[in-house]
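Undergrad: This structure is in structure tokens; I'll ask about it shortly.
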Amino acid sequence: MMSLKGKNRAIFSYSNIARNGSNFMYKDFEKTKSYRSNFKNAIFDYASLRAAHLKFCNFDEASFVETEFIGTNLRDFGGRFLENGFKLMLDELNGKYSDRVYQKLCWHMNYVNKELDKKNERGESKYRLSID
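See the structure below:
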């Protein structure tokens, strides 16, 4: 990945832009800022979102294979992002997992739900992870 250190980060910063289905594979979004933009069905595989500010952005059905999220600010859609990722993980398991994996899923689900409850107390959208 190319580092944006000392370079113009505006090329990967979006405000009120629809980038549906865009391919951002291997791109470096380090310290970029995007607000109220739509990234539905976008591909972020192997990209770096380190310290990126992605506030009020829509990532429905986006792909994030091996994407780096260290310090990423996913305001507003963070709960939906976690909920969708958890559902995809359960779909991949296809209802077939050992007791040990089930315990880990429950621990993860309970921990994330507690964090989401903190967000929900501030009046943001209500999200819950569950094993159905």
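Quick note on numbering: the sequence shown equals residues 1 to 132 in this note's numbering. Each residue gets a CB set at the ideal place from its N, CA and C atoms; glycine is no exception.
Could you check what DSSP says for Tyr35 in three-state terms: helix, strand or coil?
TA: Looking up residue 35 in the sequence shown gives position 35. It is a strand residue.
Undergrad: Within a Cβ cutoff of 7 Å, which residues of the same chain sit near Tyr14, ignoring the five residues on either side of it in sequence?
TA: Looking up residue 14 in the sequence shown gives position 14. Cβ within range, chain order: Ser34, Ser37.
Undergrad: Is it right to say Asp91 is buried, meaning 16 or more other beta carbons lie within 10 angstroms of its own, or is it exposed?
TA: By 1-based counting over the sequence shown, the position of residue 91 is 91. Label assigned to Asp91: exposed.
Undergrad: Mark Met2 as exposed unless 16 or more other C-beta atoms lie within 10 angstroms of its C-beta, in which case mark it buried.
TA: Taking the sequence shown and counting its residues from 1, one reaches residue 2 at position 2. The pLDDT assigned to Met2 is 48, lower than 50, so where the model puts this residue is not dependable, and the model offers no usable value.
Undergrad: State yes or no: is the C-beta of Glu30 within less than 7 Å of the C-beta of Ser48?
TA: As a working mapping, residue 30 is identified with position 30 in the sequence shown. As a working mapping, residue 48 is identified with position 48 in the sequence shown. Going by C-beta atoms, Glu30 is nearer than 7 Å to Ser48.
Undergrad: What residue range is occupied by the uninterrupted beta strand (DSSP E) comprising Leu54?
TA: The residue given as residue 54 occupies position 54 in the sequence shown. Leu54 -> beta strand (DSSP E) spans 53-55.
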